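Student: Heads up: the protein sequence lines correspond to chains A and B, in order. Read left to right, the first sequence gives residues 222 to 453 (my numbering). Read left to right, the second sequence gives residues 222 to 453 (my numbering).
2 protein chains.
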Amino acid sequence: MKLASSRDRAPGRPVSRQVLADHVYEELLAWLMDGRLEPGAAVSIDGTARELDVSPTPVREALARLEHTGMVRRVALKGYRVAPVFTREDFAELMEARLAIEPVNARLACSRITPEGLADLRGAVKDLETAPRGPSFMEFRDYLEADERFHKLIAEQSGNQFMLAAYTALGGQVQRFRLFGGVGITDAEQAIAEHQAVLEALASGDPEQAAAAMADHVHKVRARAIADAPAD
Amino acid sequence: MKLASSRDRAPGRPVSRQVLADHVYEELLAWLMDGRLEPGAAVSIDGTARELDVSPTPVREALARLEHTGMVRRVALKGYRVAPVFTREDFAELMEARLAIEPVNARLACSRITPEGLADLRGAVKDLETAPRGPSFMEFRDYLEADERFHKLIAEQSGNQFMLAAYTALGGQVQRFRLFGGVGITDAEQAIAEHQAVLEALASGDPEQAAAAMADHVHKVRARAIADAPAD
DNA sequence: CATAGACAAATCCTATAGGAATGGTCCTTG
DNA sequence: CAAGGACCATTCCTATAGGATTTGTCTATG
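1) By the DSSP assignment, the alpha helix (DSSP H) with B/G268 in it spans what residues?
2) How should A/T308 be labelled, buried or exposed, when 16 other C-beta atoms within 10 angstroms of its C-beta is the threshold for buried?
3) Just curious, the alpha helix (DSSP H) that B/G338 is in, first and last residue?
4) Would you call the stretch 267-283 of chain A and the stretch 309-316 of chain A touching, i.e. three or more CB-CB distances under 8 angstroms?
5) For a cutoff of 8 angstroms on Cβ pairs, would you count A/I334 as touching chain B?
6) Helix, strand or coil for A/G393? Go by DSSP, reduced to three states.
7) Determine the burial state of B/L298: buried for a count of at least 16 other Cβ atoms within 10 Å of its Cβ, exposed for fewer.
8) On the three-state DSSP scale, how would you describe B/A262?
9) Buried or exposed: where does A/R333 fall if 16 or more other Cβ atoms within 10 Å of its Cβ makes it buried?
10) Between A/E366 and the ligand COA, is the CB less than 7 angstroms from at least one heavy atom?
11) Determine the contact status of B/F210 and B/A345, defining contact as a CB-CB distance below 8 angstroms.
12) Run down chain B in chain order and give the residues with a C-beta less than 8 angstroms from the C-beta of A/M384.
13) Taking only beta-carbon positions, decide if B/T278 is within less than 8 angstroms of chain A.
14) Does DSSP put B/V293 in a helix, in a strand, or in coil?
15) What in chain B is Cβ-close to A/H372, meaning under 8 angstroms?
16) Nearest to A/A285 by alpha carbon, out of A/R302, A/S425, A/D274?
17) Buried or exposed, going by whether 16 or more other CB atoms sit within 10 Å of the CB of A/V296?
18) Tell me whether A/P232 sits in a helix, a strand or coil according to DSSP, three-state version.
19) Is DSSP giving A/R354 helix, strand or coil here?
20) Within a Cβ cutoff of 6 angstroms, which residues of the same chain sit near B/R445, ignoring the five residues on either side of it in sequence?
21) Answer with buried or exposed for B/A414, where buried requires no fewer than 16 other C-beta atoms within 10 angstroms of its C-beta.
22) Out of curiosity, what's the CA-to-CA distance linking B/L250 and B/D363?
23) Give a yes or no on whether 8 angstroms exceeds the smallest Cβ distance from B/A270 to chain A.
24) Please name the residue in B/R443, B/A262, B/P336, B/V245 whose C-alpha comes closest to that of B/L420.
25) Provide the residue span of the beta strand (DSSP E) that contains B/R302, from first to last.
26) Going by the CB atoms, is the gap between A/A327 and A/L349 shorter than 8 angstroms?
27) Could you tell me whether the Cβ atoms of B/L374 and B/L329 are closer together than 8 angstroms?
28) Go ahead and pull the three-state DSSP assignment for A/F361.
29) Whose CA, out of A/A242, A/V275, A/H416, A/M384, lies closest to the CA of A/L287?
30) Once DSSP output is grouped into helix, strand and coil, what is the label at A/D449?
31) Looking at the unbroken alpha helix (DSSP H) that takes in B/D408, where does it start and where does it end?
32) I believe B/M435 touches B/E323 by the beta-carbon criterion, under 8 angstroms. Please report the beta-carbon distance rounded to the nearest angstrom.
33) Check whether the Cβ atoms of B/V264 and B/V293 sit closer than 8 angstroms, and answer yes or no.
34) Mind checking B/A340: buried by the 16 CB within 10 Å criterion, or exposed?
35) Please check if any C-beta of chain B sits within less than 8 angstroms of the C-beta of A/P232.
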């Protein structure tokens with residue numbers, strides 16, 4: 222694979238305000254979300270550099286950033302590995318944390334939401350409805366992306382940079398939730414209905430109702446996942 | 222300044238499982254917390270490398286990690302700068318986020334706290350009582366360190382890795398709170414009493430009481446800071 | 001005097017090279 | 001056959017060098 226370097230761009234074109242490390246970061250993130258990098262797999266710095274046809278330096282910088290998201294772990298002098306699969310306990314902890322953070326985001330967002338913000342949320346829900354939901358990951362990738370986007374939009378529109386940071390600290394982990402047991406999407410209809418309920422609560426302008434709708438959604442996601450999860 | 226390199230260690234000594242980038246990270250963090258790097262100041266990669274007598278490569282990796290904590294910001298092709306000072310709005314947002322997260326941490330920690338954990342917390346409160354509280358930053362550095370340690374211990378003992386991650390996402394920012402207006406420590410007696418109240422609630426074993434004590438503490442910190450803050 | 005352009009220094013960004021550590025394999029030895 | 005040590009390939013880690021970009025200054029011009 223060959224990433225676009227800032228060196229070989231046409232002289233007249235506007236300067237790409239992105240450096241190679243940013244491209245590498247995005248590419249690795251895509252690999253992680255695509256499942257191309259499986260949990261526990263080693264991520265070689267030199268190997269990735271060869272794969273992407275760049276030098277190890279930007280790869281090293283990109284991995285240093287990824288480490289802080291929890292998607293990869295680093296052991297000094299041994300390299301980076303993709304974070305291991307979720308256990309049942311990990312999942313329970315994640316849902317506990319989401320319950321603490323996301324309803325607050327919904328409440329804050331409700332009192333300052335703009336028509337544009339509502340439109341974005343509606344778009345995310347619409348994408349959720351129309352996204353294909355096949356059995357393999359590539360087939361419900363768009364579904365998960367729309368789901369993640371919905372929740373992130375609410376965090377952004379809370380207007381609180383720290384709540385967004387707190388959500389983001391979970392957000393990278395939320396992606397890994399798909400690995401929990403490897404179950405597919407079996408609850409799409411119910412999840413979509415819950416998202417619509419959150420959306421309507423936000424549109425209604427009642428902060429407490431928005432918080433309650435979000436809490437209800439997270440509660441039900443947890444309950445369904447526990448029911449679906451394979452036994453240990 | 223000369224950092225200890227893995228190269229010039231005695232052959233017999235146990236291997237230092239830390240690489241240069243880790244030392245640079247710790248050193249930069251100390252600079253930030255010491256106030257040696259002021260908000261808005263540029264952090265030159267090459268300059269820092271010369272200062273620490275290392276090559277720019279580990280400095281680059283350390284800064285990439287620091288960026289994710291919010292302590293420094295990066296602009297492509299322009300370098301890193303220390304994050305700007307807190308505004309009144311930033312502070313209000315931070316307290317809002319702490320109110321969402323820290324009482325939950327206290328509640329979770331309460332139901333699973335160990336005697337060792339309680340002892341650690343008692344130690345932090347004791348350090349808080351005995352720390353000097355002079356007007357300049359160096360003189361109340363230990364006080365702030367003990368304060369931060371108390372809250373971080375509770376986050377750790379929540380037993381929830383994601384709540385800890387969420388708190389940490391704020392934690393780096395909490396340090397910057399000291400820059401808010403540059404006011405010194407004027408509320409030590411009250412703050413210590415509130416910490417003791419949280420400690421006693423945790424020791425009592427009543428999760429809701431622990432959450433309430435923590436919420437009360439954060440509320441009062443906010444109220445006092447707003448009262449102390451200089452006018453815009 | 002104000003403004004635009006050119007030059008120079010500092011800095012960032014990437015590539016390359018080599019030392020150092022790790023992990024696995026093979027061989028030797030009890 | 002099992003256990004321990006040596007060797008080698010792979011990979012990480014750091015230093016160095018040079019191209020690319022930004023920024024400040026200086027000069028010339030309207």
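Built from N, CA and C at the ideal position, the CB exists for glycine as well. Just so we're clear, the structure is a prediction, and the values are computed from it rather than from any experiment.
Tutor: The short version:
1) Per DSSP, the continuous alpha helix (DSSP H) segment holding B/G268 begins and ends at 266-273.
2) With a 10 Å radius around the Cβ and a threshold of 16 neighbouring Cβ atoms, A/T308 comes out exposed.
3) Going by DSSP, B/G338 is part of the alpha helix (DSSP H) stretching over 336-351.
4) By the Cβ criterion, the stretch 267-283 of chain A is not in contact with the stretch 309-316 of chain A, since fewer than three pairs of Cβ atoms, one from each stretch, lie closer than 8 angstroms.
5) So no, A/I334 is outside the interface.
6) It is helical.
7) Under the 10 Å beta carbon count, B/L298 is surrounded by fewer than 16 other beta carbons and is classified as exposed.
8) Shown here, B/A262 sits in coil according to DSSP, grouped into three states, outside any helix or strand.
9) With fewer than 16 other Cβ atoms within 10 Å, it is exposed.
10) Within the structure as shown, the ligand COA is missing, as the structure has no ligands at all.
11) The question about residue 210 of chain B has no answer, for chain B in this structure spans 222 to 453.
12) Annotation: Cβ neighbours of A/M384 in chain B (cutoff 8 angstroms, chain order): E314, E317, A318, A321.
13) Chain A places a beta carbon closer than 8 angstroms to that of B/T278, counting this residue as a contact.
14) B/V293: strand per DSSP, three-state reduction.
15) Within chain B, no residue comes near A/H372; the closest Cβ sits about 14 angstroms away, beyond 8 angstroms.
16) The closest CA to that of A/A285, considering only A/R302, A/S425, A/D274, is found on A/R302.
17) Exposed is the label assigned to A/V296, since fewer than 16 other Cβ atoms lie within 10 Å of its Cβ.
18) Reliability fails at A/P232, whose pLDDT of 35 lies under 50, so the model's placement of it is uncertain and the value that follows must be treated cautiously. Reduced to three states, the DSSP call for A/P232 is coil.
19) Coil, per DSSP.
20) Beyond the five residues adjoining it in sequence on each side, B/R445 comes within less than 6 angstroms, by CB distance, of D408 in the same chain, given in chain order.
21) Its Cβ having fewer than 16 others within 10 Å, B/A414 is exposed.
22) Roughly 15 angstroms separates the two Cα atoms.
23) No, B/A270 does not count as interfacial toward chain A.
24) Checking every option, the nearest Cα to that of B/L420 belongs to B/P336.
25) Segment 300-303, the beta strand (DSSP E) holding B/R302.
26) No, the Cβ-Cβ distance between A/L349 and A/A327 is not below 8 angstroms.
27) Cβ atoms of B/L374 and B/L329: not closer than 8 angstroms.
28) It is helical.
29) Among A/A242, A/V275, A/H416, A/M384, the Cα nearest to that of A/L287 belongs to A/A242.
30) In this structure, A/D449 counts as helix in the three-state DSSP scheme.
31) Bounds of any alpha helix (DSSP H) do not take in B/D408, whose DSSP letter is neither H nor E.
32) Contact between B/M435 and B/E323 is confirmed by a C-beta separation of about 5 angstroms, below the 8 angstroms threshold.
33) B/V264 places its beta carbon less than 8 angstroms from that of B/V293.
34) B/A340 is exposed by the Cβ-count criterion.
35) The predicted model places A/P232 with a pLDDT of 35, which falls under 50 and marks its position as unreliable, so this point remains unresolved.
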